[in-house]
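**Q** Below is one structure. I have some questions about it.
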Amino acid sequence: MQLNPNAIKALRQKHNWTQQHLADACDVSLRTIQRVEKEGVASKETTMSLSAVFEVRQGELIKLDDTNHLKQDSPEKIRNLYLIVTLSSLLSFGLGMGSVFFFIR
């Protein structure tokens, strides 16, 4: 599972814990904590342990995409989505009406 390494490190530092202290509290190896804080990679079990030890929801530890990148692309992506939905709706309506007229005759 991909976690937010900055969130993990910030929570650890907020509690004034060393990496070893966090590893002991989670019952994982020091190397696991180092990997999570560096790469954000953790098993489901490690994620559950971290959320329990920090007393936060797992969702608060999960890595989210870069919101700045999404904000910059959002208007264009939304327009494209609206265009696709509109065109597919028109196509569906046209096919539906065509089949109604075809079967009525």
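Mapped onto my numbering, the consecutive letters of the sequence shown carry residue numbers 1101 to 1205.
Cβ atoms here follow ideal geometry from the backbone N, Cα and C, with glycine treated the same way.
1. If we ignore side chains and look at the alpha-carbon of each, how far apart do Asp-1166 and Pro-1105 end up?
2. What's the call for Ala-1107, buried or exposed, on a 16-neighbour Cβ count within 10 Å?
3. Val-1136 bridges to which residues according to DSSP?
4. Counting pairs of Cβ atoms below 8 Å between the region 1118–1130 and the region 1179–1187, do you hit three or more?
5. Run through DSSP, which three-state label would Lys-1114 get?
**A** Judging by the given coordinates:
1. The predicted model places Asp-1166 with a pLDDT of 47, which falls under 50 and marks its position as unreliable; any figure quoted below should be read in that light. For Asp-1166 and Pro-1105, the distance between alpha carbons rounds to 13 Å.
2. With 16 or more other Cβ atoms within 10 Å, it is buried.
3. Bridge partners of Val-1136: none, in fact.
4. No, the region 1118–1130 does not touch the region 1179–1187.
5. The answer is helix: DSSP assigns Lys-1114 an H, G or I state.
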